[in-house]
Each structure stands twice: as structure tokens, then as C-alpha cells.
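Chains as they are written, first to last, in the numbering used here: chain A, 1 to 82; chain B, 1001 to 1392. Cβ atoms here follow ideal geometry from the backbone N, Cα and C, with glycine treated the same way. Structure first, commentary second.
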């Protein structure tokens, strides 16, 4: 028998983080818990499961709300760290 | 994006710097406390923007992150309004502007007449004014149908008029009447007689029996075309005789030209008076008073238009020129020339466009008081004149 899928595990309602990347110029991170490091070349964000690290040039956090933020700039690398 | 910027400007926002401590921790704390930040910068120049009313709640987050906040810039409508709070005059001026705009918009300031060709706009404007539609009239007091009806009664040359009120402008769209052509009464019976004495040059009979032929000399009142038409069987019928009979006629015209006459000669002294006409108020722009004595006045009104719409704004200018009455004496050639002009004018009035002058013989009599010129004119004109026969 199939295990019923919880609604909260799907899409935007998921408890997991969700990252949407537009080219290498913009990334929208939903479900972030805070900023660990913020610099011109590095932005490190803590999500519910792991830490996401954006490396690039001229990185700027365009806006930030309780559970989402938008990183813009020239993104060269995205790393997922435990 | 524009709507977002506009909303931020309307609500007002603060751009601040984050000094010392950990800006990252401060941003995280702000996010957790529900504050929405944007344009966040990093490094030594760390800072962000926040809605004006949320700024004071950020202090606690800054304390927890070991930071200090410093306002760099306050932007938006609330701050702009706060700056003008102490200037009561500005608010009073704004209120006066609103009141003035509202009160002016309840009146009609421009009356424009369109569609007229032969009827002068001034005549229609005066008719409109007497019907109650004039610049400065309260818009609510104008009843377009009533104005239309009254103008139509005053100006019979107008076939149709429509008053269109658009904001503070009233447009009077006009259509002029077309003159009814003269329709000759073809049912009546008439002869054609000679209107003047002369010699017939050409004859064109449209209806009737001709009684004269080309080259005949006729006297005034002589029968030229008979209304009785005889057919081939010997029967006769009465018709409406009609013809064009061109004859050579002679006329005499006498004109008198005095050699001495009084004329107004400008002395060269002028005075200009200017008025600014704004919303029917006449504001003098010059201190020049109305000159006394012998002056001639020329008036000119210039109205300001915007995209073809006349505005209730213009300049009224009076140019006063001083004149002196002076007696002048005409030379013989000037008197002859003047006499010739007067003879032409009189002959044109006599012929009424139905003929032309083919020759003239002038006789001059020079007297003390001037020149008397007698002209014997030889004309070619249509002498056909319908004479109705009344049958009981």
C-alpha cells in the first residue's frame, strides 16, 4: 500500500528548503534560517537541513523576509554543506 | 518594480548603517522578528533599508547582535510631509489652490464658435451672451437647449446650433442656412418689355414670340417678346415669355470732387494702453491714461490658446494715435483720378452686374469749389423685363 504523502512535504509548503536559480544572476532561497556569512564574494546561508554556500562576484542580498531571501550577483558556485 | 518603489516611497523608508558586531546575525534576527529588509550591503559598509515604521523595532535586534544602527537617509512621503509641517503657509496655499481649482472648474471660461463661414463669430458670440452663455457664467446655470433655441431665434442665418459643454469650455457648433434660390413664377402670363432705351445687339428668346430683331432701336417700355404664341394650326396660347436681350444703352453719371477737403493727419504721437484679461478681469499693464483731445484708437485683442483651445487669458491693446485736422488741396490729376473712381463705382451700382461699360465720354467743368465731371457711358446690358398680364 502506498504511503500517503503529507502536503507539507510538497513544494512551497514543504518543510525542506527550496532554491530557485535564475541563470547565474539570481537565486531565491525559501526556507532559510539565517545568514552565517555575508560578503562581496561569499554568502553562506543556513537552511533547515544544511548550509548553502554561494560563491561569486558582487553578491548582494537583495531582500530578506522571515523565511526567504534573494541573492543577486554573479554566482559562480553553489555548495551544500553539512 | 515601479509599483514596489512607489509603495515604498508612499509609506516612507529608512536607509541605515550597521556598525560593529555581526551584521549577519543582525539580519537574521531581523528576519526572525518579521522585519522586511532590502538593499542589504555587506562588509564595512553594512546596512539595509526598512519601512519607516519598522525601524524602531530593529534596535533590540541590533543590541542582541552587538551592533549599532545609524540612520543614513530618510526617504518617502511621510518625511516630505513632516518637513512641511512647520510651514503653515504652504498648507494654506495648497488648500487655497484646491478651493480655487474647484470654484474655477464650476464656471465656463471659454466660448468657442465653430462652423460659421458668412455669419461673423462676433455676432454669434453676442447672441450667445444675450442668451446667458458668456465667459465666466456658472456652468450649472447654462441650459444648452434653451441657449440654442434663443440663438436660433436671434440669428435667422443659422440653420442649426449645438452647444457642447466640455469642462470649462463651451463650444457652439454652427451650421448656416443656405439661401433659397429665386424661382421664377412660370405659371403666370407675361410679356417681355424693354427696361431701357437702346439698340438691340443680341436676342435670345426662351419662350414667347419675338416682336423685335437684332439691330432694332427700342424705347423704354416697348414690347420685345409677346406672350401670345401662335401654333401651326392657327391657335394661340398664352405663355410666360422669357428672353435675354442685350442692347447698347447710354447712361449719364455726374460726380463732384471738391478740391479742398479736411482730412485727419497723424502727428506721429502715439500712446499704447495694455490690459491683461484673465478670467474676465481686466488688469492694466500700463499707467497710461485715456488721452484727451483728437486721437484715433485701434484696438487689438490677443487670446492665448493651448492646443487650439482658447484660454481665459489674453492681452487687450489699445493704440491711440494723435491726429490733426488739416485742409488739403487736390491737384487736377488727383481730382480726375478721384472722379474716375467715383464714376466707376456709380456705374457698377447702376448696372448691378448685369452689364458692362463699353465706352465713356467725359466732360469736365472746373469751378471754384471743385471739379464736376459728367460721364456719358455706353453700356451693354440685358434690357429684358418681364411684365405680367393679369387675366380675369
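Limits of the beta strand (DSSP E) - the one that residue i falls within
i	result
residue 1067 of chain B	First-last for residue 1067 of chain B: undefined, no H or E at that position.
residue 1344 of chain B	No beta strand (DSSP E) holds residue 1344 of chain B; the alpha helix (DSSP H) holding it covers 1332 to 1351.
residue 52 of chain A	51 to 64
residue 73 of chain A	68 to 81
residue 16 of chain A	Premise fails: residue 16 of chain A is in no beta strand (DSSP E) and is neither H nor E.
residue 1245 of chain B	1242 to 1258
residue 1315 of chain B	1309 to 1329
residue 1305 of chain B	1295 to 1306
residue 1189 of chain B	Taken as a continuous stretch (DSSP letters only), residue 1189 of chain B belongs to no beta strand (DSSP E), as it is neither H nor E.
residue 1232 of chain B	That residue, residue 1232 of chain B, is in no beta strand (DSSP E); it is neither H nor E in DSSP.
Cβ of residue i within 8 Å of any chain A Cβ
i	result
residue 1034 of chain B	yes
residue 1037 of chain B	yes
residue 1042 of chain B	yes
residue 1027 of chain B	yes
residue 1031 of chain B	yes
residue 1144 of chain B	no
residue 1012 of chain B	no
residue 1023 of chain B	yes
residue 1055 of chain B	no
residue 1019 of chain B	no
Extent of the continuous alpha helix (DSSP H) to which residue i belongs
i	result
residue 1081 of chain B	1077 to 1083
residue 1023 of chain B	1023 to 1032
residue 1127 of chain B	1121 to 1130
residue 1011 of chain B	1002 to 1011
Helix, strand or coil at residue i according to DSSP, with G and I counted as helix
i	result
residue 1088 of chain B	helix
residue 1104 of chain B	helix
residue 1269 of chain B	strand
residue 25 of chain A	coil
residue 1168 of chain B	coil
residue 1157 of chain B	coil
residue 1393 of chain B	An answer regarding residue 1393 of chain B cannot be provided, because it is not within the stretch 1001 to 1392 covered by chain B.
residue 1143 of chain B	coil
residue 1182 of chain B	coil
residue 1055 of chain B	helix
residue 1014 of chain B	strand
residue 1043 of chain B	helix
residue 1099 of chain B	helix
residue 1151 of chain B	helix
residue 1060 of chain B	helix
residue 1093 of chain B	helix
residue 38 of chain A	strand
residue 1289 of chain B	coil
residue 1050 of chain B	strand
residue 1275 of chain B	strand
Any chain B beta carbon closer than 8 Å to residue i
i	result
residue 63 of chain A	yes
residue 75 of chain A	no
residue 34 of chain A	yes
residue 39 of chain A	yes
residue 66 of chain A	yes
Residue from the options with nearest C-alpha to residue i
i	options	result
residue 1254 of chain B	B/1224, B/1336, B/1195 and B/1116	B/1336
residue 33 of chain A	B/1027, B/1313 and B/1330	B/1027
residue 1377 of chain B	B/1366, B/1368 and B/1345	B/1345
residue 1118 of chain B	B/1158, B/1140 and B/1071	B/1158
residue 1312 of chain B	B/1211, B/1358, B/1231 and B/1134	B/1134
residue 1140 of chain B	B/1166, B/1223 and B/1151	B/1166
residue 1111 of chain B	B/1131, B/1095 and B/1096	B/1131
residue 1273 of chain B	B/1008, B/1300, B/1148 and B/1318	B/1318
residue 1050 of chain B	B/1015, B/1347, B/1083 and B/1003	B/1015
residue 1314 of chain B	B/1246, B/1278, B/1232 and B/1212	B/1278
residue 59 of chain A	A/26, A/31 and A/18	A/26
residue 1039 of chain B	A/61, A/74 and A/35	A/61
residue 1208 of chain B	B/1285, B/1359 and B/1227	B/1227
residue 1054 of chain B	B/1017, B/1001 and B/1012	B/1012
residue 1030 of chain B	A/69, A/79 and A/56	A/69
residue 1224 of chain B	B/1236, B/1196 and B/1237	B/1196
residue 1175 of chain B	B/1144, B/1148 and B/1283	B/1148
residue 959 of chain B	B/1137, B/1114, B/1096 and B/1362	This structure gives no information on residue 959 of chain B, because the portion of chain B shown stretches from 1001 to 1392.
residue 81 of chain A	A/74, A/75, A/71 and A/54	A/54
Cβ-heavy atom distance, residue i to the ligand ZN, below 7 Å
i	result
residue 1199 of chain B	Absence of the ligand ZN from the depicted structure is noted, as is the absence of any ligand whatsoever, leaving it without description.
Neighbour flag for residue i against chain C, beta carbons, 8 Å
i	result
residue 56 of chain A	In the structure shown, chain C cannot be found, because the protein chains are A and B.
Check your understanding: Going along the chain, which unbroken runs of the beta strand (DSSP E) with 3 or more residues stay wholly within the region 1349 to 1386 of chain B?
Key -> 1355 to 1366 and 1370 to 1382
**Study point:** Continuous beta strand (DSSP E) assignments of at least 3 residues falling wholly in the region 1195 to 1227 of chain B
**Key:** 1198 to 1207 and 1223 to 1226
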